[in-house]
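Participant: Questions regarding the structure given below will be posed in turn.
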Amino acid sequence: MSDAFGTGFDADSLARALHPLDAPSPARGWNVDELDGLLDGTAVLREAAVLVGLVRRTDGLQAVLTRRTDTLRHHAGQVSFPGGRQEPADGGPLQAALREACEEIGLVASQARPLGYLDPLATITGYRVTPVVALLDPAFEAVPDPGEVAEVFEAPLEFLLAPANLRRVDIEFRGRMRHVLEYETLAAAPTHRIWGATASILLNLRDRLGRS
2 MSDAFGTGFD ADSLARALHP LDAPSPARGW NVDELDGLLD GTAVLREAAV
52 LVGLVRRTDG LQAVLTRRTD TLRHHAGQVS FPGGRQEPAD GGPLQAALRE
102 ACEEIGLVAS QARPLGYLDP LATITGYRVT PVVALLDPAF EAVPDPGEVA
152 EVFEAPLEFL LAPANLRRVD IEFRGRMRHV LEYETLAAAP THRIWGATAS
202 ILLNLRDRLG RS
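The structure is reproduced here in structure tokens:
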């Protein structure tokens, strides 16, 4: 497990687990069944993209995550990947993810090596989120936008891909119970709660890597 989900992945093995950069999945969302009754089945979801940035360190691959500022209108204080709504000028999820990462954490496009797409994720807020997986330059130093990002931190991919560290919890939403994913406390960042859409994206990465 340590080698497979830790230092053992190279760019080629990661790319094989993903949708090609020229062929993102057209699916509405791999999790739409879980949102039954919470999401209008006929509504057109707004397109969004996030950057699942991975950086290689001496102790293995790390995922670059952000903690959003507490003053934001939506998802305040939550842990997420850099990203947001696709704009007409973006031309697609790859460009949107790179633009948002530049705006939110100061990542220059030349510091990222995009590898492919995960499966789209539908959210209860009406978005269809396409995650872009990319290897980042280890020399990259985050410059968070204080209006959106309170903190940028790294989490070991080995920890995030270990099934024992991910659990399902029940929460009440709009008067009904639903199941969401949540990680056990991360020793390197004990105050960060990694859950919800971010945890679901990481689960999809784990599943695709396991099938490749």
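Basically the working numbering = 1-based index in the sequence shown + 1.
We put the beta carbon where it would ideally sit given N, CA and C, even for glycine.
#1: Considering only the beta carbon of each residue, do Phe-10 and Val-51 sit closer than 7 angstroms?
#2: Around the C-beta of Arg-169, are 16 or more other C-beta atoms found within 10 angstroms, so that it is buried, or is it exposed?
#3: Kindly provide the ranges of any alpha helix (DSSP H) runs that are 4 or more residues long and lie completely inside the segment 16-91, ordered along the chain.
#4: So what does DSSP say about Leu-169, is it helix, strand or coil?
#5: So, using beta-carbon positions, are Phe-70 and Ala-18 closer together than 7 angstroms?
#6: Would you call the segment 88-99 and the segment 175-187 touching, i.e. three or more CB-CB distances under 8 angstroms?
#7: Tell me, please, which residues DSSP counts as bridged to Ala-135.
#8: Starting from Pro-157, follow the beta strand (DSSP E) in both directions and report where the run begins and ends.
#9: Can you tell me the Cα-Cα spacing of Arg-114 and Val-134, whole angstroms?
#10: Short check: CB of His-20 to CB of Gly-85, under 7 angstroms?
#11: Between Gly-148 and Arg-68, what straight-line distance do the alpha-carbon atoms span, to the nearest angstrom?
#12: How is the alpha helix (DSSP H) around Glu-101 delimited, first residue to last?
#13: Can Ala-28 and Pro-121 be called in contact, C-beta distance under 7 angstroms?
#14: Does Arg-212 come out as helix, strand or coil in the three-state DSSP assignment?
#15: Is it buried or exposed for Thr-126, if we count other Cβ within 10 angstroms and need 16 for buried?
#16: Whole angstroms are fine: how far does the CA of Pro-132 sit from the CA of Arg-209?
Facilitator: On the basis of the supplied data:
#1: no
#2: exposed
#3: none
#4: The amino acid at residue 169 is misidentified as Leu; the sequence shows Arg. Here Arg-169 sits in strand by DSSP.
#5: Note that residue 70 is Thr in the sequence shown here, rather than Phe. No, these two residues do not count as a Cβ contact at 7 angstroms.
#6: no
#7: Gly-54 and Pro-115
#8: 150-157
#9: 9 angstroms
#10: no
#11: 12 angstroms
#12: 94-106
#13: yes
#14: helix
#15: exposed
#16: 13 angstroms
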